[in-house]
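Okay, structure first, notes after.
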Amino acid sequence: MHNKMSPQMTSNIILHGCLLWGSMGFLMPMGILTIRMSSRMETGRMIKVLFYVHAILQTLSVLLATAGAIMSIKHFENSFDNNHQRIGLALYFAIWVQAVIGFLRPHRRGNIRRITWYLVHWVLGTMISLLGIINIFTGLQAYHKKTSKSTSIWTILFTAQVSFMGFFYLFQDKWDYMQKQGVILGNNGSITPSNQEITQRDKQKGLLPEPCAKPNALKNLVGMGEEERKKREVVVESLGWLTESSIMPKKHRAIEGVGPSSILELKAELYKSQEDSKKSNGPDLDFHRAKKKITPHTPFSLKNSGVDARARKDKLELKAINDGSAVYAALERKAALYDKLARGELSDEEDKEKYCVDFFRKGVDQEESQRPQGNDNADTLPLEEENGETDASVLFNMKFVGPGRTVGTTKDNNEHKRFVREVHEEANQAREMVSELKLRRQEQAAARREKLRQAYLRKQLEKLIAVPKIENT
């Protein structure tokens with residue numbers, strides 16, 4: 001028997017059904033699909049966006065389901081004598097338990113708490129979604145029994161929606177498998193990735209952060225500890241591929257002029273080069289040398305005996321120059337001559353030992369520098385007399401010091417020494433100034449380096465502090 005209901009009750013039932021349809025039948029499955037799609041993403045930004053979309057959809061589904069539950073408690077007679085009311089009551093409690101579990105997610109991966117949390121969250125979420133879809137069908141049947149109205153159109157629409165979501169769920173789950181099997185067609189026909197490309201793609205996925213959901217939940221639940229160990233091993237590997245492009249292309253791009261035939265030709269060339277190298281390194285290798293031509297003996301073919309001796313001598317001289325032995329011998333000769341001349345062992349033969357330094361004058365200057373300053377003026381020669389001496393007497397009184405240098409009678413040794421001391425003091429002052437400037441520049445450079453080092457350490461500290469915050473979010 002069908003009880004006649006008021007229009008207000010009918011509208012309340014329709015609103016209650018729409019709320020639960022939108023919550024259990026649309027938002028909750030969409031949240032599951034988004035978190036499953038995040039496992040296929042290869043950029044951390046998209047993974048984070050899909051995670052937040054999942055959280056927003058599930059929160060909205062909980063709020064809509066709560067609104068539907070409040071309406072059923074307030075306006076309907078809940079005797080709980082049918083399956084729709086019993087399943088709905090269980091779902092009201094389950095969705096809030098699932099929401100609380102979602103907010104209590106452990107941040108550290110690989111430990112027993114994270115594994116337990118993942119198992120409970122995944123199993124409970126799957127059961128809630130399936131029971132919610134089943135309860136919507138039972139709700140449509142209960143509405144048909146109470147109102148005697150046809151619900152076939154709503155049943156067909158909801159069935160089509162659930163079928164499309166299920167197909168999309170299976171399609172995105174098998175997307176990578178279809179790519180590896182060459183199902184997806186590009187510009188150049190079917191694509192069959194090689195083992196090397198698949199290996200590179202798997203390595204890239206190991207380097208990327210994992211989302212909350214996994215492609216195969218039970219498999220990842222059992223092998224989560226092993227994945228953490230593999231991830232630590234992958235981090236040690238080379239990351240050179242990251243310098244050129246962030247992500248390797250998913251689709252294989254054909255190279256013009258490269259195919260199976262060209263690969264076979266390359267292999268043939270490689271085999272040929274290997275065989276040639278083996279032959280060249282073999283013990284029974286035969287070298288074919290050019291035969292010497294026998295020429296007739298003529299007067300023009302004979303060599304001069306002095307040419308070879310001169311060539312050998314030139315080679316020895318060139319070798320001595322390159323080795324530095326000739327220069328060393330010349331320096332030794334000069335040093336021996338210098339010692340002999342300094343000791344006063346002069347040779348009477350001018351052509352035997354020549355020198356261009358007046359060592360006699362050098363010794364006299366040293367003796368004069370050792371005398372007291374009061375006797376310096378006594379060594380000066382008398383001035384030119386007024387008895388008509390010519391310029392020849394002036395030239396006769398001048399003493400030869402060196403090439404282009406002479407000392408006359410008017411030369412003041414004290415003034416010369418004073419000039420030397422002034423030059424020496426100026427040189428010392430310049431050295432001290434240069435050393436002070438150098439020390440100041442070194443201090444400035446050290447301060448600059450310390451400032452840069454502090455800035456670098458501050459930046460690295462900020463990065464290290466930012467990483468846990470990103471992982472917590």
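In full-length UniProt numbering, the protein residues as written are 1 to 473.
Positions of the beta carbon are idealized from the N, C-alpha and C atoms, including for glycine.
I'd like the span of the alpha helix (DSSP H) that includes residue i, first residue to last.
i           : result
Ser325      : Ser325 to Ala342
Thr116      : Ile112 to Thr147
residue 503 : It is not possible to answer for residue 503, since the shown part of the chain is limited to 1 through 473.
Pro260      : Pro260 to Ser280
Arg109      : Where Arg109 is concerned, there is no enclosing alpha helix (DSSP H), given that its DSSP letter is neither H nor E.
Leu81       : For the sequence presented, residue 81 should be read as Asp rather than Leu. First-last for Asp81: undefined, no H or E at that position.
Ile156      : Ser152 to Asp173
Met28       : Met28 to Ser38
Thr10       : Pro7 to Leu20
Expressed to the nearest angstrom, what Euclidean distance is found between the alpha-carbon atoms of residue i and residue j?
i           : j      : result
Ala335      : Leu341 : 10 Å
residue 484 : Asn83  : This structure cannot speak to residue 484, because the chain is shown only from 1 to 473.
Tyr472      : Met37  : Per the sequence presented here, residue 472 reads as Asn, with Tyr not at that position. Going from the Cα of Asn472 to the Cα of Met37 covers about 21 Å.
Glu265      : Gly324 : 57 Å
Lys463      : Arg40  : 27 Å
Glu77       : Ala67  : 17 Å
Glu443      : Leu461 : 27 Å
Gly306      : Arg312 : 10 Å
Met127      : Ile136 : 14 Å
Arg449      : Arg105 : 45 Å
Pro468      : Lys48  : 15 Å
Ser11       : Ala160 : 25 Å
Ser150      : Gly17  : 15 Å
Val423      : Arg431 : 12 Å
Asn414      : Val420 : 10 Å
Leu124      : Ser261 : 55 Å
Leu89       : Arg108 : 34 Å
Lys451      : Ala445 : 10 Å
Asp412      : Glu332 : 38 Å
Ile112      : Leu63  : 31 Å
Ile465      : Arg441 : 36 Å
Arg114      : Val53  : 22 Å
Pro7        : His144 : 15 Å
Asp308      : Thr298 : 19 Å
Lys279      : Ile263 : 25 Å
Lys267      : Phe164 : 50 Å
Thr138      : Ser148 : 15 Å
Three-state secondary structure (DSSP) at residue i?
i      : result
Thr59  : helix
Glu317 : helix
Glu244 : Only weak support exists for where Glu244 lies, its pLDDT of 44 falling under 50; the coordinates are left without a value.
Ile255 : coil
Leu104 : coil
Asn322 : helix
Met41  : coil
Glu298 : Here the sequence assigns Thr to residue 298, which means Glu is not the residue at that position. Residue state, collapsed to three classes: coil.
Please go through the same chain and pick out, in chain order, the residues whose beta-carbon is closer than 6 Å to the beta-carbon of residue i, but skip the five residues on each side of it.
i      : result
Leu20  : Gly68
Thr155 : Leu140
Lys417 : none
Lys65  : What sits at residue 65 in the sequence shown is Ala, not Lys. Ser23 and Ile95.
His75  : Asn12
Glu256 : none
Met433 : none
Tyr338 : none
Trp241 : With a pLDDT of only 42 at Trp241, under the threshold of 50, the placement of this residue in the model should not be trusted; the figure read from the coordinates follows. Result list for Trp241: empty, nothing under 6 Å.
Within its chain, find whatever has a CB closer than 7 Å to the CB of residue i; leave out the 5 residues flanking it on each side and keep chain order.
i      : result
Lys132 : According to the sequence provided, residue 132 is Gly. The question's Lys does not apply to it. Cβ neighbours of Gly132 beyond the five flanking positions: Met24, Gly25, Met28 and Leu91.
Arg405 : Note that Arg405 scores a pLDDT of 49, beneath 50, so its modelled location is shaky and nothing firm can be said.
Val162 : Ile133
Going by beta carbon distance, what residues of the same chain come within less than 8 Å of residue i, once the five residues before and after it are set aside?
i      : result
Gly102 : Ala55, Gln58 and His121
Ala447 : none
Leu15  : Met71
I want to see whether chain C comes within less than 8 Å of residue i, judged by CB atoms only; does it?
i      : result
Gly102 : Structure shown: chain C not included; a single protein chain is present.
Worksheet item: Can you find at least 3 beta carbon pairs, one from the segment 22 to 36 and one from the segment 168 to 177, that sit closer than 8 Å?
Response: Because the criterion of three Cβ pairs below 8 Å is met, the segment 22 to 36 and the segment 168 to 177 touch.
Worksheet entry | Sufficient close CB pairs (3 or more, under 8 Å) joining the segment 55 to 75 to the segment 13 to 28 | In the pairwise beta carbon analysis, the segment 55 to 75 is classified as touching the segment 13 to 28: at least three pairs are separated by under 8 Å.
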